[in-house]
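Visitor: Submitted below is the structure of interest, expressed as C-alpha cells.
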Amino acid sequence: MTRLRQILALIQGDAQADRVVPRRGHSVRLTLFTSGAMAFLAVFALALSLAAGRLADRWSEALARSSTIRISAPMAELEPQTWAVLEVLEQTPGVESARALTDEEQRALLEPWFGPDLPLEDLPIPRLVEVIETPEGYDSEGLRQRLAAEAPGAVLDDHTRWRRPLVRAAGRLRMLGWVSLGLILASTGAMITLAAQSALASNTRVIRVLRLVGARDVYIARAFVRRFTIRALSGAALGAGLGMIAIAFLPRASEQGAFLTGLGFAGWHWLWPLVVPPLAAFTAFWATRAAAFRTLRRMP
Amino acid sequence: MIDLAEVAYGYGNTTLLSELTLRLAPGSFHFLTGPSGSGKTTLLKLCYADLTASAGKVSLFGQDTATMTRDQIARARQRMGVVHQDCEFLDHLPLYENVALPLTVAGRSGDDEAGNLEELMGWVGLAARREALPPELSGGERQRAALARAVITDPEVVLADEPTGNVDWEMSLRLLQLLVELNRMGKTILVATHDLALIRAAKTHVSARVLRIAKGRLQLAGSDL
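Taken in sequence, the protein lines are chains G and L.
Okay, so the first sequence: first residue is 6 according to our numbering, each after it adds one.
Okay, so the second sequence: first residue is 18 according to our numbering, each after it adds one.
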C-alpha cells in the first residue's frame with residue numbers, strides 16, 4: 006500500500022516541487038522522441054511475436070492430425086491402387102476419415118504453377134489421398150508396411166518432416182519478437198538514463214541551491230523522476246498509438262493465410278499495445294530514479 | 018546546538034583553521050570577524066556541513082557531521098537558516114518562490130507560511146520585487162532576499178555570511194534588527210562580518226560574543242569592539 010501511495014503521489018505530483026528544476030534542455034525532446042520511437046517499434050515487435058505465435062499454433066494444429074498418401078503408378082493401375090489404399094485406411098485404427106482428392110482439387114493445387122488449363126487426364130500425375138487422424142493417431146510404420154503390401158505405388162507422408170521445422174521456426178520467430186521487446190525496453194531504459202544524467206549534470210547549480218536550503222536527495226530525485234516518467238509516458242503513448250494505426254492499415258490476413266499478410270493483432274490482442282506506454286513509464290521511473298540517486302551520491 | 022571541538026581545516030597543504038573550538042549554545046548571538054581570507058566562510062561552511070573538517074569534530078544538533086548521512090544533513094539544514102556569501106538562487110523562479118524555497122523543500126506551504134512570506138518580503142523591502150527573477154536583482158536586493166530565505170522557516174539557528182555586505186547602512190540596521198528580534202525569540206545567531214560598525218550597533222541591542230579568526234585560530238575580540 007505504501008508503494009502504491011508513493012506511485013499515486015508521484016503521478017499526482019507536487020506542482021510547487023516540480024517547478025524547482027527548470028524546464029529546458031535537449032533532454033525533454035530526447036526523452037519524448039526516444040520513448041515514442043521505441044514504443045512504435047515495440048508495437049511492431051509485439052505484433053510480430055503474437056502473429057508468429059498464432060502461426061505456430063495454426064500450423065501445429067492444422068498439420069498435426071492430417072497426412073497425405075501419394076500414389077504413383079501407371080495410369081491403368083492408379084484407380085485399383087487408390088481403392089486398395091482407401092480400403093487399407095478404412096481398416097486402420099486411428100484413421101478418422103480418408104478420401105481421394107478429386108481431379109478438380111488436384112488441378113486447383115497445381116494451378117498456381119501450371120496455369121488453369123492443365124490437362125490432368127493426359128499427365129502422369131500421382132493421385133493424392135487425404136487422411137484425417139483420430140486424436141489418438143495411427144501407427145504410421147504399420148500403415149507404411151501394409152500400404153507397401155497392398156499398393157506398392159503408395160507413399161505415406163505424415164507431414165512430420167516439414168511440420169516440425171516450420172513450427173520450430175515460428176516458435177523461434179515468436180521468441181525473437183519477445184527478445185526484441187526486451188531489447189527495446191532495455192534501450193529505452195539506457196537512453197532515459199543518459200538523458201536523466203545529462204539533465205542532472207546541467208542542473209548542478211540548482212541541485213546545490215536545493216541542498217543548501219535543506220532538500221533531501223529523495224526530493225531532488227523526485228522532481229527529475231516525475232518529469233522523465235511523464236515524458237516517457239507521453240512519448241510512448243504517442244508512439245504506441247501511431248504503431249497501432251500503422252498495424253491497423255497493414256493488409257489483412259487472407260484466406261490463403263500467407264504469413265506477412267497475417268502480421269497484426271487479432272481480437273483481444275489489440276489490448277496488448279496499451280501495455281507499452283505504462284511499461285515505458287515504469288522503465289523511465291526506475292531508470293531515472295537509479296540515475297538520479299547515483300548522480301546525487303557522486304555530487305559533493 | 019552546534020559544537021566544534023579541536024577542528025582543523027585546510028586546502029591542499031595549507032592549513033586554514035586549526036585547533037578551533039566553538040560552542041553555539043541555544044539562544045546565543047555570535048559575531049565572527051577577521052580579515053578577508055581568514056576562514057570566516059570556511060568556518061560557517063563547517064557549521065552547516067558543507068565542508069568536512071580534516072581534524073576534530075563538528076556536531077550539529079548533537080550529531081557528528083562526519084558520520085551523518087546526506088539525508089540527516091538535509092534534515093539538520095531544515096532546522097537552520099543560512100545566508101551564503103554568494104547568495105545563490107534558482108534563476109528560473111521568481112523572487113517570492115526563491116524566498117519560500119526552504120518551505121517548499123520541507124513540504125510546508127500552508128496559509129500561515131504564505132502570510133509570513135508576505136510579511137517578511139515587506140520587512141526586507143522586497144514586496145514590490147516579488148515577481149522579479151534573481152538575475153534582475155541588485156547585489157543588495159539579493160542579500161536581503163537571502164536573509165529572508167534564511168529565516169522564512171523560523172529556524173533554530175541562523176548562520177549569516179556577510180549579510181549586509183552590499184546594502185546601505187539604513188538597510189543594514191534593519192536587517193540587523195531582524196536578527197536581533199529572532200535572537201530575542203530564542204534563536205541562535207552566528208554572523209560573519211567585517212563590518213565593525215554593525216557589530217558595535219548590535220551590541221547596543223543584544224548581548225553578543227564577538228569572535229575573531231586570526232592565523233587560523235579563534236579568539237575573543239578585544240575591547241576595541
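C-beta atoms are modelled at their ideal positions from N, C-alpha and C, and glycine is treated no differently.
Within a Cβ cutoff of 8 angstroms, which residues of the same chain sit near residue 195 (chain L), ignoring the five residues on either side of it in sequence?
Guide: 140, 141, 164, 168
Visitor: State buried or exposed for residue 62 (chain L), treating a residue as buried only when at least 16 other CB atoms are found within 10 Å of its CB.
Guide: buried
Visitor: Select from the stretch 208-236 of chain G all residues with a C-beta closer than 9 angstroms to any C-beta belonging to chain L, and list them in chain order.
Guide: Those residues of the stretch 208-236 of chain G that come within reach of chain L (Cβ to Cβ, closer than 9 angstroms) are 210, 211, 213, 214, 215, 216, 217, 218, 219, 220, 221, 222, 223, 224, 225.
Visitor: Does chain G have any CB closer than 9 angstroms to the CB of residue 95 (chain L)?
Guide: Residue 95 (chain L) counts as touching chain G.
Visitor: Output, in chain order, the set of chain G residues within a Cβ distance shorter than 8 angstroms of residue 118 (chain L).
Guide: 25, 214, 215, 218
Visitor: Express the C-alpha separation of residue 203 (chain L) and residue 230 (chain L) in angstroms, rounding to a whole number.
Guide: 26 angstroms
Visitor: Tell me the start and end of each unbroken beta strand (DSSP E) in the stretch 70-125 of chain G that is at least 3 residues and wholly inside, in chain order.
Guide: 71-76, 100-105
Visitor: Spell out the partners DSSP gives residue 48 (chain L) in its beta bridges.
Guide: In the DSSP assignment, the residues bridged to residue 48 (chain L) are L:208, L:227.
Visitor: Can you give me the start and stop residues for the beta strand (DSSP E) that residue 137 (chain G) sits inside?
Guide: 132-138
Visitor: On the criterion of 16 or more Cβ atoms from any shown chain inside 10 Å, does residue 152 (chain G) qualify as buried, or is it exposed?
Guide: buried
Visitor: According to DSSP, which residues form a beta bridge with residue 74 (chain L)?
Guide: Residue 74 (chain L) is bridged to L:22.
Visitor: For residue 53 (chain L), verify whether its CB is less than 8 angstroms away from any heavy atom of the ligand NAP.
Guide: Among the components of this structure there are no ligands whatsoever, and the ligand NAP is therefore not found.
Visitor: Pick from L:200, L:96, L:199, L:177: whose alpha carbon is nearest that of residue 211 (chain L)?
Guide: L:177
Visitor: Who are the near neighbours of residue 5 (chain G) in its chain, counting only those whose CB is closer than 7 angstroms to its CB and skipping five residues on each side?
Guide: Here chain G has residues from 6 to 305 only, and residue 5 (chain G) is not among them.
Visitor: Counting only beta-carbon atoms, is residue 29 (chain G) nearer than 9 angstroms to chain L?
Guide: yes
Visitor: In whole angstroms, what is the alpha-carbon distance linking residue 134 (chain G) and residue 163 (chain G)?
Guide: Between the alpha carbons of residue 134 (chain G) and residue 163 (chain G) lies a gap of roughly 12 angstroms.
Visitor: Between residue 40 (chain G) and residue 233 (chain L), what straight-line distance do the alpha-carbon atoms span, to the nearest angstrom?
Guide: 56 angstroms
Visitor: Between residue 80 (chain L) and the rest of its own chain, which residues show a CB-CB distance below 8 angstroms, the 5 nearest in sequence each way excluded?
Guide: 89, 93
Visitor: In this structure, does DSSP put residue 132 (chain L) in helix, strand or coil?
Guide: helix
Visitor: Evaluate the contact criterion for the stretch 139-153 of chain G versus the stretch 93-103 of chain G: three or more CB pairs, one atom per stretch, below 8 angstroms.
Guide: yes
Visitor: Compare the beta carbon distance of residue 289 (chain G) and residue 36 (chain G) with 9 angstroms and say whether it is the shorter of the two.
Guide: yes
Visitor: Given that a residue counts as buried once 16 or more other Cβ atoms are within 10 Å of its Cβ, and exposed if not, what is residue 263 (chain G)?
Guide: Confidence at residue 263 (chain G) is low in this model, with a pLDDT of 49, below 50, so the placement of that residue is unreliable and no value is reported for it.
Visitor: So, under 8 angstroms CB-CB, residue 34 (chain L) and residue 28 (chain L) are touching, yes? Tell me the CB distance rounded to an integer number of Å.
Guide: With 8 angstroms as the limit, residue 34 (chain L) and residue 28 (chain L) do not qualify as a contact, their Cβ atoms being about 11 angstroms apart.
Visitor: Name the residue from G:138, G:88, G:54, G:117 whose alpha carbon lies nearest to the alpha carbon of residue 306 (chain G).
Guide: Residue numbering for chain G in the displayed model covers 6 to 305; residue 306 (chain G) lies beyond these limits and cannot be assessed.
Visitor: Counting only beta-carbon separations shorter than 9 angstroms, does residue 315 (chain L) have a partner in chain G?
Guide: The structure shown does not extend to residue 315 (chain L), since chain L spans only 18 to 242, so no value can be given for it.
Visitor: State the Cα-Cα distance for the pair residue 1 (chain G) and residue 269 (chain G), rounded to the nearest angstrom.
Guide: One cannot answer for residue 1 (chain G) here, as it falls past the ends of chain G, which runs 6 to 305.
Visitor: So residue 40 (chain L) is in the alpha helix (DSSP H); what residue range does that whole segment cover?
Guide: Here residue 40 (chain L) belongs to no alpha helix (DSSP H); instead the beta strand (DSSP E) covers 31-41.
Visitor: Mapping the DSSP letters down to three states, classify residue 176 (chain L) as helix, strand or coil.
Guide: strand
Visitor: Mapping DSSP to helix, strand and coil, what is residue 234 (chain L)?
Guide: strand
Visitor: Starting from residue 88 (chain L), follow the beta strand (DSSP E) in both directions and report where the run begins and ends.
Guide: Here residue 88 (chain L) belongs to no beta strand (DSSP E); instead the alpha helix (DSSP H) covers 87-95.
Visitor: Is residue 178 (chain L) close to chain G, meaning its C-beta is less than 9 angstroms from at least one C-beta of that chain?
Guide: Judged by the 9 angstroms Cβ criterion, residue 178 (chain L) is not in contact with chain G.
Visitor: So which of G:292, G:179, G:58, G:218 has the shortest CA-CA distance to residue 122 (chain L)?
Guide: Looking at the Cα atoms, G:218 is the closest of the given residues.
Visitor: Chain G partners of residue 205 (chain L), CB-CB under 9 angstroms?
Guide: Ordered by position in chain G, no residue passes the 9 angstroms Cβ test against residue 205 (chain L), which lies about 17 angstroms from the chain.
Visitor: Would you say residue 301 (chain G) reaches chain L, if we count a Cβ-Cβ gap shorter than 9 angstroms as a contact?
Guide: yes
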